[in-house]
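If you read the sequences in order, they're chains A and B. The working numbering numbers the first residue of the first sequence as 32 and each following residue consecutively. The working numbering numbers the first residue of the second sequence as 198 and each following residue consecutively. Don't be surprised by glycine CBs; every beta carbon is placed ideally from N, CA and C. Keep in mind it's a predicted model, so treat the numbers as computed, not measured.
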Amino acid sequence: MEFLPQIYFGVFAVLSLLCALTLLFTRHPINGAMGLIGLMISLSGIYAVLHAPFMAVLQVLVYASAIAMLLVFVIMILNAAKDRETLRFGPLGIILLVVPALLAALLTHTYRGASLSFSEAAIRGTAHNTGAMLFGPTGYVLLFEAIALVLMVAVVGAVLLAKHDLDSSHKEKKA
Amino acid sequence: MTSISAMGVQFLALFLFCIGLAVTVTRRNMFFILMGVEVMLNAANLSFVGFSRTFDGVPSMEGLTVPVFVIALAAAEACVGLAMLIVVFRTRESLDSDTYSRMKE
Numbered sequence: 032m033e034f035l036p037q038i039y040f041g042v043f044a045v046l047s048l049l050c051a052l053t054l055l056f057t058r059h060p061i062n063g064a065m066g067l068i069g070l071m072i073s074l075s076g077i078y079a080v081l082h083a084p085f086m087a088v089l090q091v092l093v094y095a096s097a098i099a100m101l102l103v104f105v106i107m108i109l110n111a112a113k114d115r116e117t118l119r120f121g122p123l124g125i126i127l128l129v130v131p132a133l134l135a136a137l138l139t140h141t142y143r144g145a146s147l148s149f150s151e152a153a154i155r156g157t158a159h160n161t162g163a164m165l166f167g168p169t170g171y172v173l174l175f176e177a178i179a180l181v182l183m184v185a186v187v188g189a190v191l192l193a194k195h196d197l198d199s200s201h202k203e204k205k206a
Numbered sequence: 198m199t200s201i202s203a204m205g206v207q208f209l210a211l212f213l214f215c216i217g218l219a220v221t222v223t224r225r226n227m228f229f230i231l232m233g234v235e236v237m238l239n240a241a242n243l244s245f246v247g248f249s250r251t252f253d254g255v256p257s258m259e260g261l262t263v264p265v266f267v268i269a270l271a272a273a274e275a276c277v278g279l280a281m282l283i284v285v286f287r288t289r290e291s292l293d294s295d296t297y298s299r300m301k302e
């Protein structure tokens, strides 16, 4: 039982890397979206293993359901797109692939010997503890309100964009 | 929890970030560019959570509150980004990012 978290972490880590590589190499966006959903769910598992259950739930609720649903929905709306004709990589793309690989190699080499260990005294990240941190005396109340404003502006902006689109098609029909 | 290596979590976050960067920089399809940004945000969240677990007591919760805001921002970004993508697609009839270069003309 001692090694159970380690096994879980290994499985989820391999799964998330595979899903991310799927995203890099598939042709059709819907396959990429499935890879993204797999990545989010495996990251949620990693959060749960790291004693952050609230983050795990939030990851599934917001990322793997809301954002992924929106993404799949839009991909299906625009299914008329000539996906087969869009190249996977641009002519410069293969060369640019070197940059992230180089970044990964460099940082891996730099931090290979770094020592870092988890604390036994870390508080468990439940919803109760996260809420106490958010709204506590030294908390993030102002930031929370700012995020509410940002989300509202985003929703209004999205509706405005879609409305403009609807209006123009309506006029075309009239004309 | 002690059996998981803390640096392993950070290396996983690093590799995920680099894959997300590669997707964003190299792919031509607009959907993949948006999804690459999401992968990078997820990697940053994982790094936050991994580091927060190395602190004792109350400071260990700080790193678990920041990802909440990151997730909210990612939701807003996906909402506006996809709405813009639909509008641009209506005029261009293409998902190739190379065709969205009207500013050059």
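Checklist entry - Applying a beta-carbon distance threshold of less than 7 Å, which residues of chain A neighbour B/Ala-269? => result Locating residue 269 of chain B in the second sequence gives position 72, where the first residue counts as 1. Chain-ordered, the chain A residues with CB closer than 7 Å to the CB of B/Ala-269 read Ile-178, Leu-182.
Item to check | Where A/Leu-191 falls, given that 16 or more other Cβ within 10 Å makes a residue buried | outcome: The residue given as residue 191 of chain A occupies position 160 in the first sequence. Taking a 10 Å sphere around the C-beta of A/Leu-191, we find fewer than 16 other C-beta atoms and assign the residue as exposed.
Next on the checklist: Restricting to Cα atoms, I'd like to know which of B/Ile-216, B/Phe-229, B/Val-206 is closest to A/Leu-128.
Outcome noted: If you number the first sequence from 1, residue 128 of chain A lands on position 97. Selected option, being the one with the closest Cα: B/Ile-216.
Checklist entry - Is the Cβ-Cβ distance between A/Ala-64 and A/Leu-92 less than 7 Å? => result The sequence position of residue 64 of chain A within the first sequence is 33, counting from 1. The sequence position of residue 92 of chain A within the first sequence is 61, counting from 1. One thing to note: A/Ala-64 has its Cβ no nearer than 7 Å to the Cβ of A/Leu-92.
Checklist entry - Between B/Gly-278 and A/Glu-33, what straight-line distance do the alpha-carbon atoms span, to the nearest angstrom? => result Counting from one through the second sequence, the residue named residue 278 of chain B turns up at place 81. Counting from one through the first sequence, the residue named residue 33 of chain A turns up at place 2. If you take the alpha carbons of B/Gly-278 and A/Glu-33, they lie about 44 Å apart.
Item to check | Contact set between A/Thr-53 and chain B, taken where Cβ atoms lie within less than 9 Å | outcome: Along the first sequence, one-based indexing puts residue 53 of chain A at 22. Under the 9 Å cutoff, chain B gives no residues; its nearest Cβ is about 10 Å from A/Thr-53.
Checklist entry - Are the region 132-145 of chain A and the region 223-243 of chain B touching, with three or more C-beta to C-beta distances below 8 Å? => result The region 132-145 of chain A is not in contact with the region 223-243 of chain B.
Checklist entry - Which bits of chain A does B/Arg-289 rub up against, with CB to CB less than 8 Å? => result As a working mapping, residue 289 of chain B is identified with position 92 in the second sequence. Within 8 Å Cβ-Cβ: nothing; B/Arg-289 doesn't reach chain A, min ~10 Å.
Checklist entry - Got a sec: does the ligand GTP put a non-hydrogen atom nearer than 6 Å to the Cβ of A/Ile-106? => result This structure simply doesn't include the ligand GTP, nor any ligand for that matter.
Checklist entry - Helix, strand or coil: which one does DSSP assign to A/Asn-160? => result Numbered from its first residue, the first sequence carries residue 160 of chain A at position 129. Collapsing the DSSP output to three states places A/Asn-160 in a helix.
Item to check | Secondary structure of A/Asn-62, DSSP reduced to three states | outcome: Locating residue 62 of chain A in the first sequence gives position 31, counting from the first residue. DSSP places A/Asn-62 in the helix class (H, G or I) of the three-state scheme.
Checklist entry - Under a CB-based cut-off of 7 Å, is A/Pro-168 close to chain B? => result Reading the first sequence from its first residue, position 137 is the one you call residue 168 of chain A. Judged by the 7 Å Cβ criterion, A/Pro-168 is not in contact with chain B.
Item to check | Close beta carbons around A/Gly-76, own chain, < 6 Å, minus the five adjacent residues each side | outcome: Start at 1 with the first residue of the first sequence, and residue 76 of chain A comes out as number 45. Hits under 6 Å: Phe-43.
Checklist entry - At a Cβ threshold of 7 Å, is B/Ile-230 touching chain A? => result By 1-based counting over the second sequence, the position of residue 230 of chain B is 33. For B/Ile-230, the nearest beta carbon of chain A is not closer than 7 Å to its own beta carbon.
Next on the checklist: Are the CB atoms of A/Pro-36 and A/Val-80 within a distance shorter than 7 Å?
Outcome noted: As a first step, residue 80 of chain A must be located in the first sequence, where it is residue number 49. As a first step, residue 36 of chain A must be located in the first sequence, where it is residue number 5. Yes, the Cβ-Cβ distance between A/Val-80 and A/Pro-36 is below 7 Å.
Item to check | 8 Å contact criterion, which B/Arg-287 and B/Tyr-297 should meet: CB distance rounded | outcome: Residue mapping note: residue 287 of chain B aligns to position 90 of the second sequence, counting from 1. Residue mapping note: residue 297 of chain B aligns to position 100 of the second sequence, counting from 1. With a beta-carbon spacing of about 13 Å, B/Arg-287 and B/Tyr-297 fall beyond the 8 Å limit used to define contacts.
Checklist entry - How should A/Ala-206 be labelled, buried or exposed, when 16 other C-beta atoms within 10 angstroms of its C-beta is the threshold for buried? => result What you label residue 206 of chain A is simply residue 175 of the first sequence in a count that begins at 1. Unreliable positioning characterises A/Ala-206 in this predicted model, as indicated by a pLDDT of 48, which lies under 50. The coordinate reading is nonetheless provided below. Counting the other CB atoms within 10 Å of its CB gives A/Ala-206 a total below 16, which places it among the exposed residues.
Checklist entry - So A/Phe-40 and A/Thr-161 are in contact, right, with Cβ under 8 Å, and what is the actual spacing, rounded? => result Here residue 40 of chain A refers to the residue found at position 9 of the first sequence. Here residue 161 of chain A refers to the residue found at position 130 of the first sequence. About 22 Å separates the two Cβ atoms, so there is no contact after all.
Next on the checklist: I'd like to know if A/Leu-101 contacts chain B, where contact means its C-beta is closer than 7 Å to some C-beta of that chain.
Outcome noted: One-based indexing of the first sequence puts residue 101 of chain A at position 70. It does: the Cβ of A/Leu-101 has a partner Cβ on chain B nearer than 7 Å.
Next on the checklist: Among A/Leu-109, A/Val-186, A/Thr-57, A/Ala-132, whose alpha-carbon lies nearest the alpha-carbon of B/Leu-213?
Outcome noted: If you number the second sequence from 1, residue 213 of chain B lands on position 16. Checking every option, the nearest Cα to that of B/Leu-213 belongs to A/Ala-132.
Item to check | Contacts that B/Met-310 makes with chain A (C-beta to C-beta distance below 7 Å) | outcome: Missing from the structure shown is residue 310 of chain B; chain B here goes from 198 to 302 and no further.
Next on the checklist: Just to make sure I have the definition right: I need the residues of chain A whose C-beta is within less than 9 Å of the C-beta of B/Arg-299. Which are they?
Outcome noted: On the second sequence, position 102 is the one that residue 299 of chain B refers to. Against chain A, a Cβ distance below 9 Å from B/Arg-299 picks out nothing, because the smallest value is about 17 Å.
Item to check | Close Cβ partners of A/Leu-67 (< 8 Å) along its chain, the five nearest in sequence each way excluded | outcome: Residue 67 of chain A sits at position 36 when you count from the first residue of the first sequence. Once the five neighbours on either side are set aside, the close Cβ partners of A/Leu-67 are Cys-50, Leu-54, Ala-99, Leu-102.
Next on the checklist: If you reduce the DSSP assignment to three classes, tell me which class B/Asp-303 lands in.
Outcome noted: Chain B is shown from 198 up to 302; residue 303 of chain B falls before or after that span and cannot be answered.
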